[in-house]
Amino acid sequence: MESSLLELATPGVQGLQPYAPGKPLSELEREYGIRNAVKLASNENPLGPSPAVLEALRAEFDNLARYPDGNGFELKAALSGKLGMDPGCITLGNGSNDVLELVARAFLTPQSSAVFSAHAFAVYPIVTQAIGAHGRVVPAHDGSRGPRFGHDLESMLKAITHDTRVVFVANPNNPTGTWADRSSLRHFVERVPESVIVVIDEAYFEYVEDADYPNAVHWVREFPNLLVTRTFSKAYGLAALRVGYGVSQSAVADILNRVRQPFNVNSFSQAAAVAALQDITHLAESVRINRDGMRQLEQGLDALKLEYIPSVGNFISVDVGRDPDRVYEALLREGVIVRPVDNYGMPGYLRVSIGLPEENQRFLESLKQVLS
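Here is the structure:
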């Protein structure tokens, strides 16, 4: 019966595997009976949300029986003021993943293709295949012409054909932490045909402090086919609330809104996001903790003589030099949750989120013990 039901699904869905999230702490406690574990698996903000966010959430309980503002007026207004873009250029999503899926539903068909890099965020192939479109995966840099594991933008450009409708670029990329500089990415966008939607995924935008890292929102007015996605799940610490957004010219936003589900972003998420945008001090502290934590992990991994991919996100992928699944399992038994990334075509690597100093130290000590 189960196999016959699968046959009822569309061909693209039949071949899909569900997205595998990082193991939650509650699951580790159920399976292993471990208490006081640390989770460094899902690129969450260890500082948590701003206190202003908690106040905004409490105020929303009075309206629990009411539907949220389906147009997200206040959140769009807040984003408009921050980004310098008209509210009509903003598409709200149930996380930025939602916006990525809207792109696939609006622009891809079984007769079209999408282009993305190897080792890129898993949602790109998922939404492409679910529609039945062809995913054209471009090998990443091998280190000879660009940063190893980084997007090869020139090869991605060459992979665009007459049937390509979308190209996904993660900047920085998850799980590698690699990124494209301003000049390279700008040159790429300029040469993509206007018939192809360019999605620049900036989920980790707020964490990047390199002077040559581009703010692609600044290019939206120039390129009618450009869409930039961002999220409140990472640096703003609102992962549980699922709220993100896309920035594009109004013509693209109008198309996305035609397939967007009504009330896709709830009232609590909208209120929390507005409050988070206003607390720039909390955001700055989150970035500082990440900067210091990245340095702490890099120094610890150097001391263990392990290779890792230099990252500008809030995570780092490390080559553990042996079977990563066994290391992952051993770390679980030490009460430390990280993320295997062999499904990203990165055998031997584990991805580790940046935590609080004591969480980072516990990971390093546990890893040392496991490897010895």
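Going letter by letter, the sequence shown gives residues 1 to 372 in the numbering used here.
Each residue gets a CB set at the ideal place from its N, CA and C atoms; glycine is no exception.
Nearest-angstrom Cβ-Cβ length linking residue i and residue j, presumed shorter than 8 Å
i           : j           : result
residue 15  : residue 129 : 6 Å
residue 244 : residue 230 : 6 Å
residue 106 : residue 255 : 5 Å
residue 344 : residue 175 : 6 Å
residue 32  : residue 333 : 6 Å
residue 177 : residue 312 : 6 Å
residue 70  : residue 262 : 5 Å
residue 291 : residue 358 : Going by Cβ atoms, the distance from residue 291 to residue 358 rounds to 17 Å, so no, they are not a contact pair.
residue 65  : residue 272 : So it is not a contact: roughly 19 Å between Cβ atoms.
residue 196 : residue 165 : 6 Å
Residues near residue i in its chain [Cβ-Cβ closer than 6 Å; skip 5 each side]
i           : result
residue 181 : 212
residue 356 : 46
residue 50  : 276, 279, 282
residue 124 : 116, 168
residue 300 : 364
residue 149 : 119, 140, 176, 178, 309
residue 289 : 47
residue 161 : none
residue 246 : 91, 99, 227, 229
residue 25  : 37, 39
residue 27  : none
Own chain partners of residue i with C-beta closer than 7 Å, once the 5 adjacent residues on each side are dropped
i           : result
residue 127 : 100, 101, 104
residue 23  : 41, 337
residue 340 : 324, 325, 328, 350
residue 134 : 113
residue 147 : 141, 178
residue 235 : 45, 206, 207, 283, 286, 287
residue 52  : 275, 278, 279
residue 342 : 324
residue 8   : none
Cβ-Cβ distance between residue i and residue j below 8 Å
i           : j           : result
residue 187 : residue 169 : no
residue 351 : residue 338 : yes
residue 366 : residue 320 : no
residue 217 : residue 83  : yes
residue 118 : residue 139 : yes
residue 316 : residue 297 : yes
residue 113 : residue 62  : no
residue 287 : residue 207 : yes
residue 228 : residue 202 : yes
residue 184 : residue 220 : no
residue 159 : residue 136 : yes
residue 87  : residue 96  : no
residue 253 : residue 224 : no
residue 12  : residue 143 : no
CA nearest to the CA of residue i, picked from the options
i           : options            : result
residue 328 : 262, 312, 349, 309 : 349
residue 59  : 274, 73, 322, 226  : 274
residue 10  : 155, 119, 109, 269 : 109
residue 270 : 210, 281, 78, 307  : 78
residue 153 : 97, 173, 223       : 173
residue 73  : 89, 304, 347       : 89
residue 373 : 308, 342, 304, 354 : Summary: the structure shown does not reach residue 373, with the chain confined to residues 1 through 372, and so no result is reported for it.
residue 353 : 166, 331, 285, 293 : 293
residue 17  : 6, 26, 306         : 6
residue 372 : 360, 160, 219, 306 : 306
residue 54  : 215, 360, 240, 136 : 240
residue 85  : 361, 222, 27, 233  : 222
residue 361 : 235, 295, 330      : 295
residue 302 : 161, 368, 28       : 368
residue 39  : 8, 331, 235        : 331
residue 285 : 237, 267, 268, 246 : 237
residue 266 : 233, 242, 260      : 242
residue 233 : 226, 27, 314       : 314
Neighbourhood of residue i by C-beta distance below 8 Å, restricted to the same chain and skipping five residues each side
i           : result
residue 157 : 188, 191, 192
residue 264 : 92, 93, 94, 98
residue 21  : 42
residue 214 : 171, 180, 181, 182, 185, 186
residue 36  : 335
residue 347 : 324
residue 29  : 35, 37
residue 376 : No answer is possible for residue 376: the residues shown for the chain start at 1 and end at 372.
Neighbour flag for residue i against chain D, beta carbons, 8 Å
i           : result
residue 168 : This model lacks chain D altogether; it includes just one protein chain.
| field | Uninterrupted alpha helix (DSSP H) stretches inside the region 176-244 (no shorter than 4 residues) | value | 182-191
| said: Which runs of the beta strand (DSSP E) at least 3 residues long sit entirely within the region 272-325? Give them in chain order. | reply: 315-319
| request: At 3 residues or longer, and completely inside the region 91-176: list those beta strand (DSSP E) runs for me, N to C. | output: 113-117, 134-138, 164-170
| said: Please give me, in chain order, every unbroken run of the alpha helix (DSSP H) with length at least 4 that falls completely inside the region 29-64. | reply: 51-60
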